[in-house]
Amino acid sequence: MSDTIVNVTGLNVSFGPVHVLKDVSARLDRSETLGVVGESGSGKSTLAKAMVGLVKASSGEVWVDGLEVVEASRRELAHYHRRVQMIPQDPFSSLSPRQTIGQTLAEAIDPGRARVGRHQDRIAEWLERVGLEPGMMHRYPHEFSGGQRQRIAIARGLILEPSVVIADEITSALDVSVQAQILELLAELRQSLGLTMVFISHNLAVVQRVSDQVLVLYRGQVVEAGPAERIYQAPQHWYTRALLDADPGSPGFTLD
Ligand SMILES: Nc1ncnc2c1ncn2[C@@H]1O[C@H](COP(=O)(O)OP(=O)(O)OP(=O)(O)O)[C@@H](O)[C@H]1O
Ligand SMILES: [Mg+2]
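Per this note's numbering, the sequence shown starts with residue 74, numbered consecutively.
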């Protein structure tokens, strides 16, 4: 039996007159990664926000880890936000420049209190898990490279051991070689922690590297969904093929 942890059905989201998500359905099983791909403006971030209750759905259901997010109360959502974490695209603007990395991670554990002392071992362990050194907890964000800051943001997203992690374009701002290292780290963490993740990117090759299932969004609609391997090898929809043809590493890429 499958162990579904995210189940979105018939989701519609509008901003004023603009219908941004149209009848979107998506499913994710525990310990798997769902990749969401589509061009800029296709509604990827809106879908992520709907999953954490940050945008209001006009209709549809969003079940995540046992909670119906669309109908949830503020209090239910507050609890829920410790179990479902978002990793932001730009770790520089989301890491406080005045807090050490240790304080930032301590605050993730214990909101409102940036006390490293009692959480020192746990913070050290997580820095190691994301390929950093425990001693780095005493440093400030500006002392790190972009890739290192993204590792810190990943540690912050995972330190509470959430049941679902939502990663929205977390490699898009990085150089290709650093991007590859972060994808490698995510692949490792998937293995070692059994991470359950929604991984969003406009790049199908990137999505395919870390996903079990892939969902293709085009203008707010799901045009294709299925196992990552199948989508990559045998795309059914013209838009998926266009995404693949734009990628130099894909089987269908042509130079013309
Ligand atoms: N708060 C908002 N108010 C009004 N329109 C919005 C709002 N948020 C998003 N939109 C619109 O919804 C559409 C989808 O936006 P969304 O951010 O979900 O796209 P995306 O796929 O994440 O794009 P990108 O790849 O650029 O991040 C866009 O047309 C955007 O302008
Ligand atoms: Mg976005």
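Even for Gly, the Cβ is constructed at its ideal location relative to N, Cα and C.
Just so it is clear, the structure is predicted and the values come from calculations on it, not from any experiment.
C-beta contact flag for PRO164 and ILE239 at 8 Å: no
Near ligand 1: GLU234 beta-carbon under 7 Å from a heavy atom: no
Segments assigned beta strand (DSSP E), at least 3 residues, entirely inside the stretch 91-164: 91-102, 106-110, 132-137, 157-160
CB-CB length for MET209 against ILE174, believed under 8 Å: 6 Å
SER250 - containing alpha helix (DSSP H), residue span: 249-266
Per-residue DSSP class, three states only, for ALA298: strand
Nearest neighbour of GLY299, chosen from LEU101, GLU134, ASP76, THR177 [CA to CA]: LEU101
Where PHE88 falls, given that 16 or more other Cβ within 10 Å makes a residue buried: exposed
N- and C-terminal bounds of the beta strand (DSSP E) containing VAL66: For residue 66 there is no data in the structure shown, the boundaries of the chain being 74 and 329.
Beta-carbon proximity of ASN85 to SER131, cut-off 8 Å: yes
Beta-bridge partners of ILE174, as assigned by DSSP: DSSP, once it has assigned bridges, lists no residue as partnering ILE174.
GLU180 to GLN158 span [Cα, whole Å]: 14 Å
CB contact flag (GLN294, ASP138, <8 Å): no
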